[in-house]
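Novice: Residue numbers (UniProt numbering), protein chains in the order written: chain G, 1 to 593; chain H, 1 to 511. Below is one structure. I have some questions about it.
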């Protein structure tokens, strides 16, 4: 495996790749394509480049995971978490001690459900930035020593979510620059990289992350807008935890009395976070839109008042009851089989038997707010994902909207749950079908629309008649029709030369898909960063070690103060580029400033 | 429990300087940051106070700065303790436990793993594509399904004509897709960027290419044809990937996955730990690997000196053998411990110890060092001790020590290069309200509230201890002096650091 990725990085293979490109596109003068990879000096003749020397490192920091690797590789070398076990003192081997698993309640202490497993949270009021710096330092050092195996100074591409809090950015850069030999850090925004890793230039990126779902409209690789909602991985794992806790409580007699009054704290002490995450990763799934419609219609028939979640609950309760009443296995339902799995963290450890459909509930309630009324007024931070995506499209400029709606990229950790991606796309398509791109909704609009339709209906028949008339009297002996169909309505005459040209150009210029709702798969922001790094594209937000350590974030000039154009074009080809000090007197954080 | 009690951890002084240095420099701008950073640490203490605050082994940050002495290094140039955090490791050589050879790290990086499978009777034709070769072996030398699929996929990658439906069936792996995308972008960059390097793409300025050469020729010869032709042809902007061959992949329906999940059992699904292993397979291999024929490198050692040779070692043991188990210290009873410091240096050291009178944390235990200032003898020849008259020595017999009463201000014992002082500890009670004998009903109620729930390590008694060592030593001979005089100049050195003594666990009052 290692060998295959390395051959992938091979400079010679890249050269052949670019040569193929050259051959297929046939430019006007014969030229060797520029070697974008591993050129040691500007003046050296193309020689087998020393692999690896030029590749920069690519780091992606998320709230839960850290990914690190080298550019021009398709996957990161390592992906590590920030769990409490990674944060112990040196020489602390208690996790290997017998019975360690059972003391998780003590370890959790008074902390929030997932706090110990996160690097940071966006609400900085309770965040100890020093601790964040320590965690970053440790996780990067770990990656260096175990996976990257490189201590020499290298450039770094740092992938961050858009609109990243400045104090966190300061902490992050400080601990990277102060502890590791990084001459230059380039900041890149993750949704843009997701777009690049999908091969696109414009997209609507739906990043279902840990703390929040961030929806970004990208047009020609520029961020147009961000929307956020709290409905993301953290809520999902909390919801799954509650589901498991309730089930485990049900099967314990002494809890039966207070089953209904169990509050959040109690529920969070029932099943450990690790185990919840395990279940979430292995069993969670998401209903498809058609399934949801079917369920909704059933629920409407049965009891019109009840919400959707209740209905699904009702549908599933019989099998649960069967399972609980006696030890006998319930009648197997091929569409909703029972899943038996162990829970270790409960006291006592138990085996839980749950129908498969129950594991779709967290997704329904958290991401799509299926338990809420159809058109509720949500707070800004709790809009369901599909509504937020629709709203984001709605607030995009019309041109961008047409392009972006057929390039919806869904990424982020929680999007890997089977069914989620398709569900988001389908829901957005349904919203679009229902509402169109109208910002104004309501009864008054409905009335207006029906009125307009009526007028239309009154107009249409007369026109059709007229057109028929013209067809009835094709020749001049009849009175000339009052309304001839406008030339624009006619089919254009086929020009054989145009047709030929079109066919010839067909392989070069493809029609741009727009106006339909369509999803596109991405390789993820990390791969995008690796692509960008491999292509040696220079970033706007480039920070040098010396300057940052001297000036800190305050040294960054505002975007616009730096004349990008002069940097790009004024240099003659003879000036060796690179990390020369005099090149940039000032630096900027770009979109992160 | 992390290590057997009693233990000693040393806090590397780098921690306090590594992160906040830059923050404090930008006091004006990042005042908010500082305040944010401060709030969880302690309510409303000033910046000055913060500087002088005692080390708290319970703060979550302490986990990152505390190291056992054996993990620490000492830098002779800056006379500082160096922890793994303030050191950058550069691995010069790797050792293969399998073939017992050393390999330079460049080889490791270039060659990767060359694991020898002949041990288990499998021989591969080539080092890549192991899966298919294995399948072939399993299939009796005939290409298996995976290989057929791989061939079909190869056709897709090559862009050969394949029926539309089939092309979508054969999925690209992420690896292949990455290659496609890279190829696509490279093509686009070559096409869209004119030779004037408008997109600022590559390090090279295209001197290697005839195209650029012709442009330069045009520049000098004054023939404008070169440039114009190019600019017309190259005006095409970058487009997006629009086919599978470009690396585009549309979102596909994944109902089949859910159907599969319905059939699967719990054990059929991939656990998180398995996933972690699967995706990053180099993880273990890159350590073991090796190329047997490469010769042993001449290793260049960096100055990497073990702190054990520079920092006094500390040991803690109890004075009277009243404790049977360090995991159950009786609460509210004074216990006397002997703290022994060994001097590894060849010069005598003056030590000053300091500790807060109450340990930080929820349950504050009382700590008293009976003799905080003392001297430790030099680590001289062992014979000196035997030959010299025992004026410096202060030993105690067993009887003395068992009955002995520690005196304040006096050391307990002293040897050639070690000194022992007495440390008195009164462990706190883990009962939050020890003075009020409460009714059993009440305690039951209380036990559910948050305050009374014991968190992990709440019962561990850890003493933060500030060590200040002072000694005079010969100035570093760096060859500048020429002739070394009869009396070398003495240099005074100081070393100050926090450390943490883990005494034990306080017994629960109920038991």
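Just so you know, even glycine gets a beta-carbon here, dropped at the ideal spot from N, CA and C.
(1) Report yes if the C-beta distance between residue 240 of chain G and residue 270 of chain G is below 8 Å; otherwise report no.
(2) Using only CA atoms, which one of G:590, G:431, G:455, G:553 lies nearest to residue 168 of chain G?
(3) My output table needs one value for residue 207 of chain G: the three-state DSSP class, helix, strand or coil.
(4) Given that residue 421 of chain G touches chain H, what residues does it touch there, using C-beta distances under 8 Å?
(5) Among the residues of its own chain, which have a CB less than 7 Å from the CB of residue 14 of chain H, if the five just before and after it don't count?
(6) Tell me which same chain residues have a C-beta within less than 7 Å of the C-beta of residue 376 of chain H, skipping the five on either side of it?
(7) Can you tell me where the alpha helix (DSSP H) with residue 314 of chain H in it begins and where it stops?
(8) Using only the alpha-carbon positions, how far apart do residue 508 of chain H and residue 425 of chain G sit?
(9) Checking contacts by CB at 8 Å: is residue 114 of chain G closer than that to chain C?
(10) Verify the CB distance criterion: does residue 285 of chain G have a CB-CB separation below 8 Å to chain H?
(11) Kindly list, in the order they appear in chain H, the residues whose Cβ is closer than 7 Å to that of residue 542 of chain G.
(12) If you measure from the beta carbon of residue 71 of chain H to each beta carbon in chain G, is any gap under 8 Å?
(13) Does residue 588 of chain G pass the burial test, meaning 16 or more other C-beta atoms within 10 Å, or should it be called exposed?
(14) Can you give me the C-alpha to C-alpha distance between residue 169 of chain H and residue 418 of chain G, rounded to a whole angstrom?
(15) Note down the Cα distance separating residue 353 of chain H from residue 465 of chain H, rounded to an integer number of angstroms.
(16) Of all the residues that make up the region 396-429 of chain G, which are near chain H by a beta-carbon distance shorter than 7 Å?
(17) Could you have a look at residue 4 of chain H and say whether DSSP puts it in helix, strand or coil?
(18) Should residue 4 of chain H go down as buried or exposed, given a rule of 16 or more other Cβ atoms within 10 Å for buried?
(19) Please list the residues of the region 215-232 of chain G that have a C-beta atom closer than 7 Å to any C-beta atom in chain H, keeping them in chain order.
(20) Using CA atoms only, rank isn't needed, just tell me which of G:82, G:115, G:158, G:114 is closest to residue 71 of chain G.
(21) Under a CB-based cut-off of 8 Å, is residue 316 of chain H close to chain G?
(22) Closer than 7 Å by C-beta to residue 163 of chain G: which residues in its own chain qualify, once you throw out the five before and the five after it? Chain order, please.
(23) Helix, strand or coil, according to DSSP, for residue 392 of chain G in the structure here?
(24) Report buried or exposed for residue 333 of chain H, applying the criterion of at least 16 other Cβ atoms within 10 angstroms of its Cβ.
(25) Of all Cβ atoms in chain G, is any one closer than 8 Å to the Cβ of residue 328 of chain H?
(26) Let's test the definition: count the other Cβ atoms within 10 Å of the Cβ of residue 386 of chain G and tell me whether it reaches 16, buried, or not, exposed.
(27) Can you give the beta carbon distance from residue 135 of chain G to residue 82 of chain G, rounded, assuming they're within the 8 Å contact cut?
(28) Exposed or buried, what is residue 377 of chain G when buried is set at 16 or more other beta-carbons lying within 10 Å of its beta-carbon?
(29) Let's see if you can read the secondary structure: which residues bound the alpha helix (DSSP H) around residue 405 of chain G?
(30) Could you spell out where the beta strand (DSSP E) holding residue 58 of chain G opens and where it closes?
(31) Do residue 428 of chain G and residue 286 of chain G come within 8 Å of each other at the CB atom, strictly closer than that value?
(32) Verify the CB distance criterion: does residue 160 of chain G have a CB-CB separation below 8 Å to chain H?
(33) Which residue comes first and which comes last in the beta strand (DSSP E) that contains residue 217 of chain G?
(34) Curious, which full-length alpha helix (DSSP H) runs of at least 4 residues does the region 234-275 of chain H contain?
(35) Is the separation between the beta-carbon of residue 207 of chain G and that of residue 190 of chain G shorter than 8 Å?
(36) Can you tell me whether DSSP reads residue 339 of chain G as helix, strand or coil?
Specialist: Taking the coordinates as given:
(1) The residue labelled residue 240 of chain G in the question sits at position 240 within the first chain. The residue labelled residue 270 of chain G in the question sits at position 270 within the first chain. Their beta carbons are not under 8 Å apart, which means residue 240 of chain G does not touch residue 270 of chain G by this criterion.
(2) Residue mapping note: residue 168 of chain G aligns to position 168 of the first chain, counting from 1. The shortest C-alpha separation from residue 168 of chain G is found at G:553.
(3) On the first chain, residue 207 of chain G is found 207 positions in, with the first residue counted as 1. Strand at residue 207 of chain G.
(4) Against the first chain, residue 421 of chain G aligns to sequence position 421. Under the 8 Å cutoff, chain H gives 251, 254.
(5) In the second chain, the residue the question calls residue 14 of chain H occupies position 14. Within the same chain, residue 14 of chain H has close Cβ partners 83, 85, 86.
(6) Within the second chain, the letter at position 376 stands for residue 376 of chain H. Closer than 7 Å at Cβ, skipping near neighbours: 312, 341, 343, 348, 349, 351, 417, 418, 419.
(7) Counting from 1 along the second chain, the entry for residue 314 of chain H is found at position 314. Residue 314 of chain H -> not in any alpha helix (DSSP H); beta strand (DSSP E) instead, spanning 313-318.
(8) Your numbering for residue 508 of chain H matches position 508 in the second chain. Your numbering for residue 425 of chain G matches position 425 in the first chain. Cα to Cα, residue 508 of chain H sits roughly 57 Å from residue 425 of chain G.
(9) Annotation note: the requested chain C is absent from the structure, which comprises protein chains G and H.
(10) In the first chain, the residue the question calls residue 285 of chain G occupies position 285. Yes, contact with chain H.
(11) For the purposes of this step, residue 542 of chain G is taken as the residue at position 542 of the first chain. Within chain H, no residue comes near residue 542 of chain G; the closest Cβ sits about 12 Å away, beyond 7 Å.
(12) Residue numbering aside, residue 71 of chain H sits at position 71 when the second chain is read from its first letter. Answer yes: the Cβ-Cβ gap between residue 71 of chain H and chain G drops below 8 Å somewhere.
(13) Counting from one through the first chain, the residue named residue 588 of chain G turns up at place 588. Residue 588 of chain G is buried by the Cβ-count criterion.
(14) For the purposes of this step, residue 169 of chain H is identified with residue 169 of the second chain, where counting begins at 1. For the purposes of this step, residue 418 of chain G is identified with residue 418 of the first chain, where counting begins at 1. Unreliable positioning characterises residue 169 of chain H in this predicted model, as indicated by a pLDDT of 49, which lies under 50. A coordinate reading is not provided.
(15) Here the question's residue 353 of chain H lines up with position 353 in the second chain. Here the question's residue 465 of chain H lines up with position 465 in the second chain. Each residue's Cα considered, the two are about 7 Å apart.
(16) 418, 419, 421, 422, 425
(17) In the second chain, counting from the first residue as 1, residue 4 of chain H sits at position 4. DSSP places residue 4 of chain H in coil when its eight states are reduced to three.
(18) Locating residue 4 of chain H in the second chain gives position 4, where the first residue counts as 1. So residue 4 of chain H ends up on the exposed side.
(19) none
(20) Within the first chain, residue 71 of chain G is the residue found at index 71, counting from 1. When each option's Cα is compared against that of residue 71 of chain G, the closest is G:158.
(21) Numbered from 1 along the second chain, position 316 holds the residue referred to as residue 316 of chain H. Chain G contact via Cβ: absent.
(22) The count along the first chain starts at 1 and reaches residue 163 of chain G at position 163. Cβ neighbours of residue 163 of chain G beyond the five flanking positions: 226.
(23) Position 392 of the first chain holds residue 392 of chain G. In the structure shown, residue 392 of chain G sits in a helix (DSSP, three-state: H, G or I).
(24) Sequence index remark: in the second chain, residue 333 of chain H carries index 333 (1-based). Label assigned to residue 333 of chain H: exposed.
(25) Here the question's residue 328 of chain H lines up with position 328 in the second chain. False, the Cβ-Cβ gap to chain G never drops below 8 Å.
(26) For the purposes of this step, residue 386 of chain G is taken as the residue at position 386 of the first chain. Per the 10 Å Cβ criterion, buried.
(27) By one-based count along the first chain, residue 135 of chain G stands at place 135. By one-based count along the first chain, residue 82 of chain G stands at place 82. Indeed they touch by this definition, with Cβ atoms about 5 Å apart.
(28) The residue given as residue 377 of chain G occupies position 377 in the first chain. Answer is exposed; the Cβ neighbour count stays below 16.
(29) As a position in the first chain, residue 405 of chain G is number 405, starting the count at 1. Taken as a continuous stretch (DSSP letters only), the alpha helix (DSSP H) holding residue 405 of chain G covers 398-405.
(30) The sequence position of residue 58 of chain G within the first chain is 58, counting from 1. Looking at the DSSP string, the run of the beta strand (DSSP E) that includes residue 58 of chain G is 57-61.
(31) Looking up residue 286 of chain G in the first chain gives position 286. Looking up residue 428 of chain G in the first chain gives position 428. Not closer than 8 Å, so no.
(32) Here residue 160 of chain G refers to the residue found at position 160 of the first chain. Answer no: the Cβ-Cβ gap between residue 160 of chain G and chain H never drops below 8 Å.
(33) Mapped onto the first chain, residue 217 of chain G falls at position 217. Its beta strand (DSSP E) spans residues 213-219.
(34) 255-263
(35) For this step, residue 207 of chain G is matched to residue 207 along the first chain. For this step, residue 190 of chain G is matched to residue 190 along the first chain. Yes, these two residues count as a Cβ contact at 8 Å.
(36) For the purposes of this step, residue 339 of chain G is taken as the residue at position 339 of the first chain. Reduced to three states, the DSSP call for residue 339 of chain G is strand.
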